[in-house]
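Below: one structure, written as structure tokens.
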Ligand code: AN7
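Structure representation (structure tokens):
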């Protein structure tokens, strides 16, 4: 059997493209290297010739893309001698911060909006031993408090305003380019603080800027990991499309939103921290912003789970909901390749999942007859 090195996380894999030193102690849980799944059934259902891939970030160690940024942010915090990290969160950042702090042996303080984070995420923050501060206010209020307190206490902010977060998250774009052999035509993401769409654009831009090396066959850039090293990688970049939940869509309003609401609690954010960067990403890439209603988001989540076997959380389904609409209207033309990032795992929010699929559970007697009848009914 040929020897294949153990995968030890995205910092090791992309260390030549990340701001770390040879002797940096890396805090990792094996994040990154997530599946890029080509949708088979949904394109056929909508009758369109498009290549849609979903990048299943829910398969990261804590179940969301936040792990990509958190491995970098916590690695750099520890390197700088920090003993504590802090974040405001709609849930996933707090789960990742709690886990990576545990791994590093430091303390995590997490501010979460009371009653507005999904149960799985709360369980994670609690289990990993972070100090959970539930505030009577929303994410945006928590974010302001974190910024204010970090000036007065010895804590490192690990929200995406920490630049190391975006450095870690840009590696998702590297993985996509390496797997497809080029960038997709369109990359669709759910947008909250707009850190992830910004990070992906950084990744695509770095890749295309370095593509000359691939063409000449001297691929120092990918450190031998690139499947196309020595071949020609097209230096293309995707149009970046950011979809928001309609009740939390400051990029559609063109202004901050003070009381954001959506069933997709992960993106219940009215004051995006990467506001200017995201507008730049849209303009530079030739992409756009749009919004999806809660009903559209939940329908896309269900469709993906039922028709493709992929379970993502509601916020994540916003990327697919928007992409499917734009494919149907022709705004995204047939023949396009599309990547939708599925930012978090469906198990993060079991309450919302169960609430919208309760009809699939049938209570029956524990008899052979009842089971046989149920099978016949189910096949009908
Ligand atoms: C599943 O955890 O902001 O546009 O505090 O959890 O980079 O903010 C979560 C964001 C999309 C939006 N999908 O990403 C937090 C937090 C999921 C998310 C987003 C989040 P950004």
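In my numbering, the protein residues as written are -2 to 377.
Where is the CB? At the ideal position from N, CA and C, for every residue including glycine.
In this text, all values refer to a predicted model and were calculated from it rather than measured experimentally.
Secondary structure of residue 238 (DSSP, three-state): strand. Three or more Cβ pairs closer than 8 Å define a contact, and the segment 242 to 254 meets that threshold against the segment 272 to 291. Across the set 64, 157, 185, the C-alpha of 185 shows the shortest separation from the C-alpha of residue 333. In the DSSP secondary-structure assignment, residue 305 is not bridged to any residue. In the DSSP assignment, residue 334 is bridged to 48.
Here residue 69 is buried, its C-beta having at least 16 other C-beta atoms within 10 Å. Here DSSP, grouped into helix, strand and coil, assigns residue 284 to coil. Spatial neighbours of residue 131 in its own chain (CB-CB distance under 6 Å, excluding positions within 5 residues in sequence) are listed in chain order as 109, 111. For residue 136, the shortest separation between its Cβ and any heavy atom of ligand 1 lies below 7 Å. The closest CA to that of residue 12, considering only 2, 3, 23, is found on 23.
Comparing alpha-carbon positions, the option among 324, 370, 365 lying closest to residue 46 turns out to be 324. Runs of the alpha helix (DSSP H) lying entirely within the segment 16 to 76 and spanning at least 4 residues, in chain order: 38 to 43, 63 to 76. With contacts defined by Cβ atoms closer than 8 Å, residue 199 and residue 154 do not form a contacting pair. The segment 164 to 177 makes no contact with the segment 114 to 125: fewer than 3 CB pairs, one atom from each, lie closer than 8 Å.
In the three-state DSSP reduction, residue 160 falls in the helix class (H, G or I). In the three-state reduction of the DSSP assignment, residue 85 falls in the strand class, which pools E and B. With a 10 Å radius around the Cβ and a threshold of 16 neighbouring Cβ atoms, residue 253 comes out exposed.
Under the three-pair Cβ rule at 8 Å, the segment 79 to 99 counts as touching the segment 146 to 161.
The closest heavy atom of ligand 1 lies less than 7 Å from the beta carbon of residue 63.
For residue 310, the shortest C-beta to heavy atom distance toward ligand 1 is below 7 Å.
Closest option to residue 53, judged by alpha-carbon separation, among 107, 29, 15: 29. For residue 128, DSSP records a beta bridge to 106. Taking a 10 Å sphere around the C-beta of residue 270, we find 16 or more other C-beta atoms and assign the residue as buried.
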